[in-house]
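In case it helps, our numbering puts the sequence shown at residues 1 to 482.
For every residue, glycine included, the Cβ atom is placed at its ideal position computed from N, Cα and C.
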Amino acid sequence: MNLTRLVAEAVATFTVDMKQSAGEWLKGGRLRTIAAVSGGADSMVLLDILLNLRDAGLCDLTVCHVHHGLRGEEADRDEAFVAAFARRRDIHFESVRVNVHANKLQGESVEMAARRLRYDALERLADTFGRCVLMTAHHADDQSETVLDRLLRGTSPSGLAGMRHRRALGRHILMRPLLPAYKRDLLAYAKQQGIAYCEDLSNKELRYKRNRVREDLLPKLRRDFNPRIDEALIRLADIALEEDRYLQTVARDHLRALWISKGTGTAEVRVAGLRNLPCALQRRVVKLLLEDIGVSLSWRFSDIEDIRSMVGEPGSEHRILTNDWIAVMQSDILHIGPSMLIQSDCDSHWTPAELGWSSFFSLLPMRWQIMAEPVAAPELFSPSKWEAWFARGETERFVFRPWLQGDRIQPLGMKGTRLISDVFIDAKVPKNTRARYAVLAAGDEILWVPGLCRSGSHLVARGQNVVQHIRVSADRHDLGRQ
Numbered sequence: 001m002n003l004t005r006l007v008a009e010a011v012a013t014f015t016v017d018m019k020q021s022a023g024e025w026l027k028g029g030r031l032r033t034i035a036a037v038s039g040g041a042d043s044m045v046l047l048d049i050l051l052n053l054r055d056a057g058l059c060d061l062t063v064c065h066v067h068h069g070l071r072g073e074e075a076d077r078d079e080a081f082v083a084a085f086a087r088r089r090d091i092h093f094e095s096v097r098v099n100v101h102a103n104k105l106q107g108e109s110v111e112m113a114a115r116r117l118r119y120d121a122l123e124r125l126a127d128t129f130g131r132c133v134l135m136t137a138h139h140a141d142d143q144s145e146t147v148l149d150r151l152l153r154g155t156s157p158s159g160l161a162g163m164r165h166r167r168a169l170g171r172h173i174l175m176r177p178l179l180p181a182y183k184r185d186l187l188a189y190a191k192q193q194g195i196a197y198c199e200d201l202s203n204k205e206l207r208y209k210r211n212r213v214r215e216d217l218l219p220k221l222r223r224d225f226n227p228r229i230d231e232a233l234i235r236l237a238d239i240a241l242e243e244d245r246y247l248q249t250v251a252r253d254h255l256r257a258l259w260i261s262k263g264t265g266t267a268e269v270r271v272a273g274l275r276n277l278p279c280a281l282q283r284r285v286v287k288l289l290l291e292d293i294g295v296s297l298s299w300r301f302s303d304i305e306d307i308r309s310m311v312g313e314p315g316s317e318h319r320i321l322t323n324d325w326i327a328v329m330q331s332d333i334l335h336i337g338p339s340m341l342i343q344s345d346c347d348s349h350w351t352p353a354e355l356g357w358s359s360f361f362s363l364l365p366m367r368w369q370i371m372a373e374p375v376a377a378p379e380l381f382s383p384s385k386w387e388a389w390f391a392r393g394e395t396e397r398f399v400f401r402p403w404l405q406g407d408r409i410q411p412l413g414m415k416g417t418r419l420i421s422d423v424f425i426d427a428k429v430p431k432n433t434r435a436r437y438a439v440l441a442a443g444d445e446i447l448w449v450p451g452l453c454r455s456g457s458h459l460v461a462r463g464q465n466v467v468q469h470i471r472v473s474a475d476r477h478d479l480g481r482q
């Protein structure tokens, strides 16, 4: 296999694409490239090929080495090896250190934490250069291990597609140009070109699950079941990828037809159209819906199934999702968003609630809990839009009431006033939620639209002895959280 041609074609194809759409990926006509180099055989082969492309004027090159802080002196040796190589070949070199143990999330394995932190480090470095292409040396053996590992963990059809040859990483692109090549191809290239590299002894340690897949399970499968198991797994990934792309396109078309409204973090879709879809498409449409409106959040399979089960049960009203979101079904409309903004169906006509100096009560129409108390003016004010401080007169009457058409507020920092309805529109509050939304008023003056806008009235001065602190939060019991 001609590895140089493989990488060159990947670079050339992407460069042509970017010239047509976004020149910021290029520097002087050369592709702005960051190579992730550990010092092992795979990454040193990739670096050698990219060096040839750099010298031919096809790419601009930076080497990034991520030190995970896991292997002591051996890791320091690898870092020094890559740095020395880059210095000899006049390559811009960056080393990024991460502390895996200190930043491991609850329930996350060391392997998964290292991977997450590695990609985070690559993305942060790329951000300093503008839009970049980040290249890793993943190969066909890595792909077969990935597919098998996902099968063992339990995965969706999309997961069976394994690693993508090209995918987004923040505002950058991650490319794996060596993915069609096997490890044996890379080792043969390294031997032929006389490329030195480091051996990572931790790759043999069977305490790591991925190593057990590579060193124990796959050899057993080759020996006892199928000597060409790697090819079979990679073929499965290729087929799954093509089918996934097609089904995603179909699901996207269906979702476009179902949209009623979509904002930042909220959505309304037609239930009937979703209910009539086959199960496989339902799951994909719901997954796309959640990803579209909650782009920075992680969703569980259980979230998708909760929404599907609710859509399939006409008498069901709402489901509590992860990330403190809620899905609510009203008539033939499905509302999804943060629980503070999307609530179950309530009568929009409700009795205003007077706010005493010390108060704790629920506003059922919005499933809010209101907490108020007299306090000394704080030195620092919380940036949360769900709590506020007011300089309140001793006999002044504060009331939480439904907003009315024509209500206006003078937003903090503005000279003029705005219609509350315009505040809702700008914040993309769903129409069904607006009817129940509560505002804090003193007489005819609107002081606060919780979560959205505080007025410039009744401001607190530092050093005041007594002011009123008000906090609004979701009532977990009313939201039906189990």
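Am I right that residue i and residue j are in contact with their C-beta atoms under 8 Å? What's the rounded C-beta distance?
{"i": "LYS385", "j": "LEU334", "result": "Not a contact, Cβ separation roughly 26 Å."}
{"i": "HIS172", "j": "GLU123", "result": "6 Å"}
{"i": "ASN276", "j": "GLY294", "result": "So it is not a contact: roughly 25 Å between Cβ atoms."}
{"i": "PRO383", "j": "SER455", "result": "About 17 Å separates the two Cβ atoms, so there is no contact after all."}
{"i": "LEU160", "j": "ARG176", "result": "Wrong, their Cβ atoms sit about 17 Å apart, outside the cutoff."}
{"i": "ILE470", "j": "ILE370", "result": "7 Å"}
{"i": "MET135", "j": "THR33", "result": "6 Å"}
{"i": "HIS318", "j": "VAL328", "result": "5 Å"}
Could you spell out the range, first to last residue, of the alpha helix (DSSP H) harbouring residue i?
{"i": "ALA181", "result": "Per DSSP, ALA181 belongs to no alpha helix (DSSP H) and is neither H nor E."}
{"i": "LEU241", "result": "229-258"}
{"i": "GLU305", "result": "301-311"}
{"i": "ARG115", "result": "110-127"}
{"i": "GLN369", "result": "Taken as a continuous stretch (DSSP letters only), GLN369 belongs to no alpha helix (DSSP H), being part of the beta strand (DSSP E) at 368-375."}
{"i": "ALA391", "result": "Careful: ALA391 lies outside any alpha helix (DSSP H) and carries neither H nor E."}
{"i": "ALA80", "result": "73-88"}
{"i": "VAL429", "result": "Note, VAL429: premise wrong, no alpha helix (DSSP H); not H, not E."}
For residue i, is the classification buried or exposed, using 16 other Cβ atoms within 10 angstroms of its Cβ as the cut-off for buried?
{"i": "PRO378", "result": "exposed"}
{"i": "PHE25", "result": "At residue 25 the sequence reads Trp, which differs from the Phe that was named. So TRP25 counts as buried."}
{"i": "GLY337", "result": "buried"}
{"i": "GLY443", "result": "exposed"}
{"i": "GLN464", "result": "exposed"}
{"i": "VAL147", "result": "buried"}
{"i": "HIS349", "result": "Confidence at HIS349 is low in this model, with a pLDDT of 46, below 50, so the placement of that residue should be treated as unreliable; the coordinate-derived value is given next. Exposed is the call here."}
{"i": "TYR246", "result": "exposed"}
{"i": "ARG392", "result": "buried"}
{"i": "ASP78", "result": "buried"}
{"i": "ILE239", "result": "exposed"}
{"i": "GLN468", "result": "buried"}
{"i": "VAL466", "result": "exposed"}
{"i": "ILE425", "result": "exposed"}
{"i": "SER144", "result": "buried"}
{"i": "ALA168", "result": "exposed"}
Taking the beta strand (DSSP E) that residue i falls in, what are its first and last residues?
{"i": "GLY29", "result": "Counting along the chain, GLY29 falls outside any beta strand (DSSP E), and DSSP gives it neither H nor E."}
{"i": "GLN330", "result": "325-330"}
{"i": "GLY337", "result": "333-338"}
{"i": "ARG401", "result": "398-402"}
{"i": "CYS64", "result": "59-67"}
{"i": "ILE446", "result": "445-449"}
{"i": "THR266", "result": "266-270"}
According to DSSP, is residue i helix, strand or coil?
{"i": "PHE381", "result": "coil"}
{"i": "LEU479", "result": "Its pLDDT being 30, under 50, LEU479 is placed unreliably by the model, and the measurement read from it follows with that caveat. In this structure, LEU479 counts as coil in the three-state DSSP scheme."}
{"i": "GLN343", "result": "Low confidence applies here, because GLN343 scores a pLDDT of 49, under 50, leaving its location unreliable and the question unanswered by this model."}
{"i": "GLN468", "result": "strand"}
{"i": "PRO411", "result": "strand"}
{"i": "GLU215", "result": "helix"}
{"i": "HIS101", "result": "helix"}
{"i": "PHE424", "result": "helix"}
{"i": "SER43", "result": "helix"}
{"i": "MET18", "result": "helix"}
{"i": "PHE363", "result": "For clarity, residue 363 is Leu in the given sequence; the question names Phe instead. LEU363 falls in the strand class under three-state DSSP."}
{"i": "ALA190", "result": "helix"}
{"i": "ILE49", "result": "helix"}
{"i": "ARG207", "result": "coil"}
{"i": "ILE173", "result": "strand"}
{"i": "ALA161", "result": "helix"}
{"i": "CYS279", "result": "helix"}
{"i": "GLU199", "result": "coil"}
{"i": "ALA12", "result": "helix"}
{"i": "LEU321", "result": "coil"}
{"i": "SER457", "result": "coil"}
{"i": "SER34", "result": "The identity of residue 34 in the sequence shown is Ile, whereas the question assumes Ser. Strand."}
If we cut at 8 Å on Cβ distances, does residue i have a partner in chain C?
{"i": "ARG367", "result": "Here there is only one protein chain, and chain C is not present."}
inquiry  = For the region 411-426 against the region 361-375, do three or more pairs of beta-carbon atoms, one drawn from each stretch, fall closer than 8 Å, so that the two count as touching?
reply    = no
message = Assess contact between the region 122-140 and the region 60-71, defined as three or more Cβ pairs (one per stretch) separated by less than 8 Å. Is contact present?
response = yes
task = Count the C-beta pairs between the region 3-21 and the region 190-204 that are closer than 8 Å, then say yes if the count reaches three, no if not.
result = no
message = Does the region 224-231 come into contact with the region 103-118, if we say contact requires no fewer than three beta-carbon pairs (one atom in each stretch) closer than 8 Å?
response = no
inquiry  = Whether or not the region 98-105 and the region 33-47 are in contact is what I'm after, with contact meaning three or more pairs of Cβ atoms, one per stretch, closer than 8 Å; do they touch?
reply    = no
message = Check whether the region 270-289 and the region 237-251 touch, using three or more Cβ-Cβ pairs below 8 Å as the test.
response = yes
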